[in-house]
Amino acid sequence: MQVKVVKFGGSSLADAEHFRQVASIIRADEARRYVVPSAPGKRFPEDTKVTDLLYTCYEMVRRGEDMTPVFEQIRARYNGIIEELGLDCSILEDELTFVRGALLHNSGRDYAASRGEYLNGIVLAKYLGFDFIDAANVIFFCDDGSFDAEHTNAILSEVLQRHPRAVIPGFYGSMPNGTIKTFSRGGSDITGSIVARAAQADLYENWTDVSGFLMADPRVVKGAQPIETITYRELRELSYMGAGVLHEDAIFPVRFAGIPINIRNTNQPGDEGTMIVAQTDKYDSEHVITGIAGKKGFSVITIEKDMMNAEIGFGRRVLEVLEEEGVSFEHLPSGIDTMSVVLSTQALEEHRDHMLNRICTKVNPDSISVEDGLALIAVVGRGMVKAKGTAARVFRAVADASVNIRMIDQGSCELNIILGVDDHDFERAMNAIYAEFVK
Ligand code: ASP
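Under numbering that gives the first Met the number 0, the first residue of the sequence shown is numbered 0, with each subsequent residue one higher.
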């Protein structure tokens, strides 16, 4: 029998109505055997996620304030869901008493945050009639705080074999000393991926409130079309540049095991969503490009020096300064006697003067300058390898929109073309490129 691991985000489990929807999705396919829930999310735009309420409780206790009003909101949210679903009202009573006590005894920030998923997992398991597996017993971190992939996979796959159908809460696991540790925000996506690998699943379905990835940010390009299929590598490029539906780290466990991810919409279960796959031989795209993503707020440091090309070690010495300051760079376009370093303005900010002075001391340039206000746009597509003239089309579209290109970067892997334009040209350039490739 097929195995599917299904992860539901916070908005998919925000209230009883959504729980019913989720249960009907799970029951519609026998293969949906392992379920990874987030904590209840927002029911309406001004609402607060349970995870955020828990962080608030933690902070209040730490400051010596009375957390009762906030904790009671959390209790009310779970009890509201339980009651409306017609479950036994007492299922969380002891758990909530315990969690409250632990919070009051300052059991840690991660412990506090993780209880949203933990409690939601218990409710969902009861509602579905599935087993409940506490993630603390099957998801492990190393002493240095990094995720312990192999130990987790060994234990988790063995435990799953004993539970044909189970709910495993997302977002957290345990440290070698038994304390609770969470992934970064949005980390239930990672748990889903880890469970899919351990279950040797055929598919990892990630259910959220949008029908997959769009070809561009709809706030910038109105009516952007959905992406049907995308490779893990393309997704890395697009999410790095700001397309955020899935946690960045959620790709790794399933990619390792060659399991596809399907992004689906809980509110529109009929939509096919986006498939994220390793190879695309089976899935041909109708477009040359898969998506466009971009961000504002970059700076360029331009360094000039005659005969730079003959000075061995020049680039290394410049980059050494960045390394010493703990600043990472995005791109390094270079000419014969010039080298530019593109980096986020925010990352540069506090190091600006010190870093420029250090570069001057190290490489003694003829000139060095910094320009802010650069936006980067990544045009991403596996189809670009085969298609001739893609770059020409990108540049013509941008030129026809009267946008000046300040930087170009295309790696030889031909998966993307990166452009730098002025911040104030960003929206215009994005729309022009989109219109050129997607009619
Ligand atoms: N509940 C956590 C958060 O709000 C984790 C998640 O939803 O994935 O970040």
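C-beta atoms are modelled at their ideal positions from N, C-alpha and C, and glycine is treated no differently.
Query	Result
Look at the Cβ atom of valine 209, then the Cβ atom of valine 244, and state whether they are nearer than 8 Å.	yes
Between the C-alpha atoms of phenylalanine 251 and glycine 272, what's the straight-line distance to the nearest angstrom?	20 Å
Would you mind giving the Cβ-Cβ distance between valine 397 and alanine 431, rounded to the nearest angstrom? I have them listed as a contact below 8 Å.	6 Å
Quick one: residues in its chain with C-beta nearer than 6 Å to the C-beta of glycine 8, no 5 flanking neighbours on either side, listed in chain order?	Ser37, Thr207
Taking just the CA atoms, how far does threonine 344 sit from aspartate 352?	13 Å
With the cut-off set at 8 Å, would you say leucine 375 and glycine 293 are in Cβ contact?	yes
Enumerated in chain order, which unbroken segments of the beta strand (DSSP E) with a length of 3 residues or greater are wholly contained in the segment 178-261?	179-181, 202-207, 228-230
Closer than 7 Å to a non-hydrogen atom of the ligand ASP - does that hold for the CB of arginine 263?	no
Rounded to a whole number of angstroms, what is the C-alpha to C-alpha distance between phenylalanine 146 and arginine 114?	19 Å
Using 7 Å as the cut-off, classify the Cβ of serine 192 as near or not near the heavy atoms of the ligand ASP, replying yes or no.	no
Classify lysine 180 as buried or exposed, calling it buried when 16 or more other Cβ atoms lie within 10 Å of its own Cβ.	buried
Beta carbon of isoleucine 300, beta carbon of isoleucine 367: below 8 Å?	yes
Please list, in chain order, all residues of the same chain as lysine 125 whose beta carbon is under 7 Å from its beta carbon, the five residues on each side excluded.	Leu86, Ile90
Can you tell me the Cα-Cα spacing of proline 268 and phenylalanine 18, whole angstroms?	14 Å
Using 10 angstroms around the beta-carbon of glycine 419, count the other beta-carbons present and answer buried if the total reaches 16, otherwise exposed.	buried
Which residues mark the beginning and the end of the alpha helix (DSSP H) in which glycine 419 is found?	Here glycine 419 belongs to no alpha helix (DSSP H); instead the beta strand (DSSP E) covers 415-421.
Per the contact definition of three or more C-beta pairs closer than 8 Å, is the segment 95-115 in contact with the segment 50-57?	yes
Leaving aside the five residues before and after aspartate 408 along the sequence, list all residues of the same chain whose C-beta is less than 7 Å from its C-beta, in chain order.	His330, Pro332, Ile417
What is the DSSP secondary structure of asparagine 264, reduced to helix, strand or coil?	strand
I want to know whether the segment 155-175 touches the segment 123-143 - three or more CB-CB distances under 8 Å.	yes
Tell me, which residues are paired with leucine 373 by DSSP?	Phe297, Asp421
May I ask you to check if the CB of aspartate 188 is nearer than 7 Å to at least one heavy atom of the ligand ASP?	yes
What distance in whole Å lies between the Cβ atoms of isoleucine 335 and threonine 289, which are believed to be in contact at a cut-off of 8 Å?	Not quite, the Cβ-Cβ distance comes to about 34 Å (not below 8 Å), so this is no contact.
Taking Cβ to Cβ, would you say methionine 214 is nearer than 8 Å to valine 437?	yes
Let's see if you can read the secondary structure: which residues bound the alpha helix (DSSP H) around methionine 59?	49-61
Where does leucine 342 fall in DSSP's three states?	strand
Assign valine 401 to one of two classes, buried (16 or more other C-beta atoms within 10 Å of its C-beta) or exposed (fewer than that).	The sequence shown places serine at residue 401, not valine. Result: exposed.
Confirm, please, whether the CB-CB distance from alanine 195 to asparagine 152 is below 8 Å.	no
Could you tell me the alpha carbon to alpha carbon distance between threonine 337 and arginine 254, rounded to whole angstroms?	39 Å
Label proline 364 either buried or exposed according to how many other C-beta atoms from any shown protein chain fall within 10 Å of its C-beta, with 16 as the threshold for buried.	buried
For the alpha helix (DSSP H) holding phenylalanine 70, just list the boundary residues, first then last.	67-83
Distance check for isoleucine 138 and aspartate 14, CA to CA, integer angstroms please.	27 Å
Are the beta-carbon atoms of lysine 304 and valine 362 separated by less than 8 Å?	yes
Thinking lysine 3 and alanine 30 are a contact (beta carbons under 8 Å), I'd like their distance in whole angstroms, please.	4 Å
If you reduce the DSSP assignment to three classes, tell me which class methionine 429 lands in.	helix
What would DSSP say about arginine 26, mapped onto helix, strand or coil?	helix
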